[in-house]
Structures are given as structure tokens and as C-alpha cells.
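Enquirer: Got a structure for you, written out below as C-alpha cells; questions coming shortly.
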Amino acid sequence: MITKSKILISVFAALFLLLLGIQVYFMYKTYQVKERDIYRSVNDGLTNYTDNLEDIQEAKERNDDSLQEIIIQYHNKEINKKDFLRYFIENRKSARERLVHYIDSRYQKDGYEISARIRYLSIVHLPDSSKVITEPIVIFETQDKLKNPRIASNGSWETSTTKRNDTDKGHIEKKNTFLVKTQTDFEIRNIKSIVFKELTLLIICCIILLSGVLLLYIFTIRNLIQQQKQVEVLHNIVDNISHEFKTPIATLKIASKALKKEWNPETLPLIDRQISRLESLMFQLHKDEIPDEITAIQPEDWNFFIQDLSVTYPNTDFNLENTVSQELPFDKNLMETVIKNLCENSVKYGASIIEIDVRNSSQQLEIEVSDNGQGMETKELNNIFEKFYRIQNNNIHNSKGLGLGLYFVKKIITNYSGKIEVSSQLHTGSTFKISIPYEN
11 MITKSKILIS VFAALFLLLL GIQVYFMYKT YQVKERDIYR SVNDGLTNYT DNLEDIQEAK
71 ERNDDSLQEI IIQYHNKEIN KKDFLRYFIE NRKSARERLV HYIDSRYQKD GYEISARIRY
131 LSIVHLPDSS KVITEPIVIF ETQDKLKNPR IASNGSWETS TTKRNDTDKG HIEKKNTFLV
191 KTQTDFEIRN IKSIVFKELT LLIICCIILL SGVLLLYIFT IRNLIQQQKQ VEVLHNIVDN
251 ISHEFKTPIA TLKIASKALK KEWNPETLPL IDRQISRLES LMFQLHKDEI PDEITAIQPE
311 DWNFFIQDLS VTYPNTDFNL ENTVSQELPF DKNLMETVIK NLCENSVKYG ASIIEIDVRN
371 SSQQLEIEVS DNGQGMETKE LNNIFEKFYR IQNNNIHNSK GLGLGLYFVK KIITNYSGKI
431 EVSSQLHTGS TFKISIPYEN
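So in our numbering, spot 133 of the sequence shown is number 143, and the numbers just go up one at a time.
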């Protein structure tokens with residue numbers, strides 16, 4: 011059973027890890043698709059807007075040769091690079107402002123944090139294909155710089171001076187034509203948080219699914235373990251049930267032999283008591299309650315309990331001090347169970363001398379059983395009254411039994427609203443003190 015459980019756990023662990031890997035892969039692919047969709051939508055919006063800006067700017071510059079003139083001056087080295095760049099920045103100021111306003115109004119409401127940049131990659135003088143600039147010029151960039159830019163769009167436009175030819179009406183002559191190539195870059199700085207926010211429901215569903223599978227497995231394993239323990243307990247009961255009946259059976263055998271040898275008037279009462287003892291044991295195994303019909307215990311019954319034990323365990327000294335002188339309102343069979351279970355428990359764990367003190371005072375029955383057995387460790391004292399619990403050494407039970415004796419004692423005392431205390435010292439012995447209140 012244990013081997014099968016280990017195999018089951020290993021198989022589930024492998025399947026669960028496989029399921030977890032599939033879920034992680036699925037989430038990763040979903041993340042990539044969602045990220046591409048977001049970038050694509052932002053890219054389309056920025057591309058359309060920047061293309062529109064370029065068209066407006068180009069139309070304006072066709073009617074205004076100032077840009078053409080400044081490029082010609084820089085091309086002819088009449089102005090330096092600093093003045094050339096300053097002109098471009100000032101000339102494109104209105105376009106930058108419109109782009110910033112577009113980004114803020116269009117994407118900030120959706121929680122997007124976008125960094126953008128527009129550059130002139132090259133300015134080429136077409137007649138001779140000479141380059142006016144040797145490196146890209148940044149025309150616009152947001153306050154937050156780009157770290158991992160995505161290319162939004164590449165574009166190009168021409169600027170040139172125009173002159174109408176009077177000899178040929180309608181003909182426009184272009185001179186000093188320049189080809190300007192542009193590039194717009196952008197980056198969504200909080201792309202991860204945006205994607206995860208949109209995938210929150212999917213992530214939660216995956217976690218719930220995995221947690222449900224795991225909890226279902228744990229619940230199943232716990233049930234299997236509990237069932238396995240119950241089966242082991244039943245096997246122990248079947249293996250040891252005969253031992254619980256050995257005491258009265260052995261006593262009956264001894265009484266039978268005594269009858270064969272010679273007549274003894276005490277033998278027949280002994281046999282009757284052991285038959286009652288067997289009936290009581292059977293009752294305990296099937297029912298943990300006080301019987302409806304009780305036989306009140308008499309003062310001499312305490313002596314009979316110890317006499318029976320002396321016959322059954324001739325190698326053990328049972329010393330009884332009985333000061334009870336009246337009938338008490340307790341069931342005789344249950345009190346016999348208490349006394350004999352405590353004494354037999356002492357015998358099982360090596361006691362050779364057992365002291366029993368029974369007395370009543372102030373409407374309270376007090377029983378004290380002490381022995382010189384092997385004793386118990388302090389940590390065991392909280393567990394010895396549990397059902398089926400037996401003290402183990404190195405996980406091996408050194409004494410036979412079901413682990414029901416002290417459980418029945420505790421059950422009986424509790425039902426009578428009494429209390430039981432135990433003190434023990436290893437290799438020295440144990441003492442059980444019982445106190446039960448009663449009314450006449």
C-alpha cells in the first residue's frame with residue numbers, strides 16, 4: 011500500500027508539473043500576442059498621426075522656402091551645424107506640441123506611458139546625391155527617454171525651391187531639391203503591467219484551476235492515508251483481539267483445573283465473575299456508553315477484583331487497601347474495568363508490585379493505583395488515553411494489546427464527571443489517581 015502511494019504521488023507530481031509547464035507556456039504565448047497587439051495599435055495610431063503631421067508640414071514648407079534656404083546655407087557651409095539644428099528644432103516646434111498633445115490625450119487615459127522620438131535619418135541633395143548630414147538629427151523626443159525603442163514608421167519627403175518659367179506657362183522648375191528621410195520611434199514603458207492587467211482574469215482562472223487540482227489531490231491522498239490507517243487499526247484489532255480475552259479465559263481455565271482437583275466454594279463465584287468480565291469486554295468493543303441497567307458496587311467487590319487478578323497473574327503482588335464500607339452508585343462492571351485495566355496495564359509494562367488504594371470520603375470515590383514498572387516519558391502522558399494508542403519504542407510495540415484499556419478508563423471516568431491524573435518516571439513506575447463525585 012505504501013509503495014503504491016509513493017508511485018501515485020510520483021505520477022501525480024509529474025503530471026502536475028507537466029500541467030504547470032503547459033499553463034506557463036500558454037500564459038507566455040498569450041502575453042506575447044497581447045503585447046504585439048498593443049504595440050500594433052499604438053504603432054498604427056502614431057504612424058497615421060505622424061504621417062499627417064509630415065503632410066501638413068510639407069505643404070506648409072512648399073509655400074515657404076525658409077527650410078529650403080537653411081538647408082542650402084548649411085549645404086554650402088554658410089552656417090554651422092549648431093545654427094542648422096536650432097532652426098530645425100524651432101521650425102518643428104508646433105508639430106512637436108501637437109504630437110505631445112496627441113500622445114497625452116490619446117494614450118494616457120488608457121494608462122499607457124509612452125516615450126517617442128522623431129529623427130531625420132538623412133538629408134540628401136538630389137542633383138549630386140551628396141549628404142547634407144552624416145548622422146541622424148533628433149527633431150523631437152519626449153521627456154522620458156527611449157530605452158528599448160520600437161520603430162513606428164519610416165518616411166521621406168522632398169523640399170526644393172520652385173520657379174515658374176515665363177516662357178512656358180504652367181511649367182514649374184525645381185532647383186536645389188533635397189530628400190529628407192525620417193523615422194519615428196516609440197516605446198511603451200509600462201507594457202508589462204498593462205499586459206498583466208488585461209490578463210488578470212485569465213491568470214486568476216489558471217491559478218484557481220491548478221489550485222483546485224492540487225487541493226483535490228491532497229484531499230484524495232489524505233483520505234487514502236486515513237483509510238490505510240483504519241485498515242491497519244482493524245488488522246491490529248484482528249491480530250490482538252484474542253489477547254484481550256486471555257485474562258478471563260486463563261482465569262476460567264485455572265478455576266476449571268481447581269474444580270477438577272478439589273472442591274473450593276470460592277471457585278464458582280470466580281467463574282461467574284470471569285463470565286461477567288467477558289461480557290463486559292464484548293460490550294466495550296461494541297459500545298462506548300454507560301449501560302442503561304447498572305449493578306451498584308458493593309464494598310467487598312473491590313476485594314474480588316484483586317483476587318481475580320492475583321489468580322490470573324500469580325507472579326505479581328497485588329496489595330489492596332480498601333476502606334470503602336458502603337454501597338456506591340457506580341456500575342460494578344465499569345468499576346471492574348477501571349481497576350483491572352489499570353492493573354493489567356501495569357503488569358504489561360513490567361510491574362511486579364502493584365499498590366491499590368480505594369477509599370470514599372465527602373461523597374467522592376478516590377482510587378489510586380501505583381506500580382514499580384518501567385514507567386513512561388513525560389511526553390507520553392498526554393497521549394496514553396487516546397483510542398488505540400500504545401507506547402512505542404523505536405516504532406515497535408513491546409507489549410501486546412489493542413491500546414483500548416486506558417481509553418476505556420478515561421471514558422468511564424469522564425462519563426461519571428470524574429477526573430484522572432497520572433504521574434510517571436521512566437524506569438521507576440507510574441501512579442494513577444482517580445476522583446469521582448457521587449450522591450447518595
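Quick reminder that beta carbons are idealized off the backbone N, C-alpha and C, glycines included.
Would you check if the distance between the CB atom of L220 and the CB atom of L29 is smaller than 8 Å?
Expert: yes
Enquirer: Evaluate D120 with the Cβ neighbour count: other Cβ atoms within 10 Å of its Cβ, from every protein chain shown; 16 or more gives buried, anything less gives exposed.
Expert: exposed
Enquirer: Give me the DSSP bridge partner(s) of G439.
Expert: Q435
Enquirer: Would you call A162 buried or exposed, if buried means 16 or more other Cβ atoms sit within 10 Å of its Cβ?
Expert: buried
Enquirer: Just curious, the beta strand (DSSP E) that N332 is in, first and last residue?
Expert: D327 to N332
Enquirer: Which residue comes first and which comes last in the alpha helix (DSSP H) that contains F150?
Expert: Where F150 is concerned, there is no enclosing alpha helix (DSSP H), although the beta strand (DSSP E) it sits in stretches over I147 to E151.
Enquirer: Since D93 and S125 should fall inside the 8 Å C-beta cutoff, what is the C-beta to C-beta distance between them, to a whole number of angstroms?
Expert: Between D93 and S125 the beta-carbon gap is near 28 Å, outside 8 Å, which marks them as no contact.
Enquirer: Under the assumption that Q374 contacts H437 (Cβ atoms under 8 Å), give the Cβ distance between them as a whole number of angstroms.
Expert: No, Q374 and H437 are not in contact; Cβ-Cβ is about 33 Å, not under 8 Å.
Enquirer: Could you give the C-beta distance for V205 and Y49, rounded to a whole number, given that I count them as a contact under 8 Å?
Expert: The pair is not a contact, with the Cβ atoms about 10 Å apart (cut-off 8 Å).
Enquirer: Contact between the stretch 193-203 and the stretch 227-235: three or more CB pairs below 8 Å?
Expert: The stretch 193-203 makes no contact with the stretch 227-235, as fewer than three CB pairs between them are under 8 Å.
Enquirer: Between the beta-carbon of F328 and the beta-carbon of I304, is there less than 8 Å?
Expert: It is not a contact, given that the beta carbons lie outside the stated cut-off.
Enquirer: Quick one: Cα of K358 to Cα of V241, how far?
Expert: 25 Å
Enquirer: Kindly indicate if chain C contains any beta-carbon less than 8 Å away from that of T187.
Expert: Going by chain labels, chain C is absent from the structure shown, which holds only one protein chain.
Enquirer: May I have the straight-line CA-CA distance separating S362 from N332, to the nearest angstrom?
Expert: Rounded to the nearest whole angstrom, the CA to CA distance from S362 to N332 is 20 Å.
Enquirer: Counting along the chain, where does the alpha helix (DSSP H) carrying I316 start and finish?
Expert: D311 to T322
Enquirer: Hey, could you find the ends of the alpha helix (DSSP H) V142 is sitting in?
Expert: From DSSP, V142 is part of no alpha helix (DSSP H); its letter is neither H nor E.
Enquirer: Under the three-state reduction of DSSP, which class applies to R50: helix, strand or coil?
Expert: helix
Enquirer: Return the residue from the list V243, V368 and Q435 that minimises the CA-CA distance to S335.
Expert: V368
Enquirer: Taking the beta carbon of R400 as the centre, do at least 16 other beta carbons fall within 10 Å, making it buried, or is it exposed?
Expert: buried
Enquirer: Could you check how far apart the C-beta atoms of N313 and L330 are, in whole angstroms? I think they sit under 8 Å.
Expert: About 7 Å separates the beta carbons of N313 and L330, which is inside the 8 Å limit, making them a contact pair.
Enquirer: Between which two residues does the alpha helix (DSSP H) carrying Y130 extend?
Expert: For Y130, no alpha helix (DSSP H) run applies; the uninterrupted beta strand (DSSP E) run containing it begins and ends at I124 to H135, by DSSP.
Enquirer: Between G413 and N355, what straight-line distance do the alpha-carbon atoms span, to the nearest angstrom?
Expert: 10 Å
Enquirer: CA-CA distance, K429 and I423?
Expert: 6 Å
Enquirer: If R129 and I147 are in contact, beta carbons under 8 Å, what's the gap, nearest whole angstrom?
Expert: 6 Å
Enquirer: What does DSSP give as the partner residue(s) for G121 in the beta ladder?
Expert: DSSP, once it has assigned bridges, lists no residue as partnering G121.
Enquirer: Identify whether F36 lies in helix, strand or coil by the three-state DSSP scheme.
Expert: helix
Enquirer: Can you list, in chain order, the residues of its chain whose CB lies under 6 Å from that of N370, leaving out five sequence neighbours each side?
Expert: V334
Enquirer: If you draw a straight line from the alpha carbon of L25 to that of R108, how long is it in whole angstroms?
Expert: Inter-residue distance for L25 and R108 is about 56 Å (C-alpha atoms, whole angstroms).
Enquirer: Hey, how far is the Cα of P309 from the Cα of P339?
Expert: P339 has its alpha-carbon roughly 11 Å from the corresponding atom of P309.
Enquirer: So, using beta-carbon positions, are V321 and L352 closer together than 8 Å?
Expert: Contact flag unset, no.
Enquirer: If I measure Cβ to Cβ from E431 and keep anything under 7 Å in the same chain, skipping five residues before and after, which residues do I get?
Expert: K443
Enquirer: Just the C-alpha distance for V52 and L225, rounded to the nearest angstrom, thanks.
Expert: 42 Å
Enquirer: What is the DSSP secondary structure of N58, counted as helix, strand or coil?
Expert: Helix, per DSSP.
Enquirer: Using only the alpha-carbon positions, how far apart do G439 and L391 sit?
Expert: 13 Å
Enquirer: Nearest-angstrom Cα distance between I300 and G360?
Expert: Residue placement at I300 is poorly supported in this model, since its pLDDT is 48, which falls under 50; the coordinates still yield a value, given next. Their Cα atoms are separated by approximately 31 Å.
Enquirer: Let me know the secondary structure DSSP gives D154 once reduced to three states.
Expert: D154 falls in the coil class under three-state DSSP.
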